[in-house]
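To start, the structure itself, in structure tokens.
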Amino acid sequence: QKEVEQNSGPLSVPEGAIASLNCTYSDRVSQSFFWYRQYSGKSPELIMSIYSNGDKEDGRFTAQLNKASQYVSLLIRDSQPSDSATYLCAVPMDSNYQLIWGAGTKLIIKP
Amino acid sequence: DVKVTQSSRYLVKRTGEKVFLECVQDMDHENMFWYRQDPGLGLRLIYFSYDVKMKEKGDIPEGYSVSREKKERFSLILESASTNQTSMYLCASSPRTVADTQYFGPGTRLTVL
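These protein sequences, in sequence, are chains A and B. Just so it is clear: in the first sequence, position 48 is 49 by my numbering, and no numbers are missing. Just so it is clear: in the second sequence, position 49 is 161 by my numbering, and no numbers are missing.
So this is what it looks like as structure tokens:
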């Protein structure tokens with residue numbers, strides 16, 4: 002059974018600080034990894050994808066992938082109240098059609 | 113921009129009714145998905161389709177069926193609605209492979225009384 006695990010939170014971070022979100026997965030052959038953001042009452046939207054070991058930066062967001070340790074993380078620099086949301090990690094299955102979803106981490110940015 | 117639309121944002125039905133949820137995408141995507149999302153349980157895949165008239169069961173297909181007669185449209189059917197099917201239903205599509213992102217519709221919040 003392939004699994005994706007996240008700490009459900011809530012994770013509370015002061016405004017302007019770095020928020021660090023983590024995700025571990027059980028499938029050693031996974032090649033791509035996705036971070037989605039979901040605001041309360043809204044649907045998920047993609048914010049980052051990462052395919053190679055190391056860091057990928059996009060504005061205030063950095064995704065970090067460590068395949069040997071089977072974890073992927075998302076860092077949000079200079080956190081803003083608008084970053085308050087649930088962040089979902091998703092990892093593909095072998096079938097190439099399905100994503101396995103983590104349960105999500107609720108992030109709260111305190112002004 | 114990719115657009116995925118769902119027929120209703122909110123829906124209230126009675127136990128035993130047949131319920132149709134429709135999803136339309138306008139980007140010629142091959143794959144379409146139906147999820148339900150419940151507090152504490154995350155996103156759970158009900159059914160997906162990788163081509164017209166093709167469908168595959170997801171993790172929780174019981175009590176549901178689907179139809180994909182046209183590439184852009186994917187319908188979810190609750191044959192006889194029950195109270196435990198009260199949930200947020202999300203439709204998504206993706207272009208070709210799962211290496212491509214999934215794009216979500218706005219969701220339908222279904223309440224079964």
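Ideal placement from N, C-alpha and C gives every residue a C-beta, glycine not left out.
Query, Result
"Check the Cβ-Cβ distances between residue 160 of chain B and every residue of chain A, and say whether any is below 8 Å.", "yes"
"Which residues share a DSSP beta bridge with residue 80 of chain A?", "For residue 80 of chain A, which the question treats as bridged, DSSP gives no partner whatsoever."
"With DSSP run on the structure shown, which of helix, strand or coil describes residue 32 of chain A?", "coil"
"Hey, could you find the ends of the beta strand (DSSP E) residue 91 of chain A is sitting in?", "86 to 93"
"Can a CB atom of chain A be found closer than 8 Å to the CB of residue 137 of chain B?", "no"
"Residues of chain B with CB closer than 7 Å to the CB of residue 45 of chain A, please, in chain order.", "216"
"Let's test the definition: count the other Cβ atoms within 10 Å of the Cβ of residue 226 of chain B and tell me whether it reaches 16, buried, or not, exposed.", "Limits of chain B in this structure are 113 at one end and 225 at the other, which puts residue 226 of chain B out of reach."
"What is the rounded straight-line gap between the Cα of residue 134 of chain B and the Cα of residue 43 of chain A?", "18 Å"
"Spatial neighbours of residue 8 of chain A within its chain, please: C-beta separation below 6 Å, excluding the five flanking residues on both sides.", "106"
"Using a Cβ cut-off of 9 Å, pull out every chain A residue sitting near residue 127 of chain B, in sequence order please.", "Within chain A, no residue comes near residue 127 of chain B; the closest Cβ sits about 25 Å away, beyond 9 Å."
"Is there a Cβ of chain B sitting closer than 8 Å to that of residue 126 of chain A, yes or no?", "Past the edges of chain A, shown from 2 to 112, lies residue 126 of chain A, and the structure says nothing about it."
"Going by Cα to Cα distance, which pick from B:198, B:136, B:197, B:196 is closest to residue 187 of chain B?", "B:136"
"Decide if residue 45 of chain A is buried, meaning its Cβ has at least 16 other Cβ atoms within 10 Å, or exposed.", "buried"
"When the cut-off is 8 Å and only beta carbons count, does residue 175 of chain B lie next to chain A?", "no"
"CA-CA distance, residue 20 of chain A and residue 59 of chain A?", "15 Å"
"Which same chain residues, not among the five before or five after residue 73 of chain A, have their C-beta less than 6 Å away from its C-beta?", "24, 34, 66"
"Keeping to the same chain, check which residues put their C-beta closer than 8 Å to that of residue 126 of chain B; ignore five residues upstream and five downstream.", "193, 224, 225"
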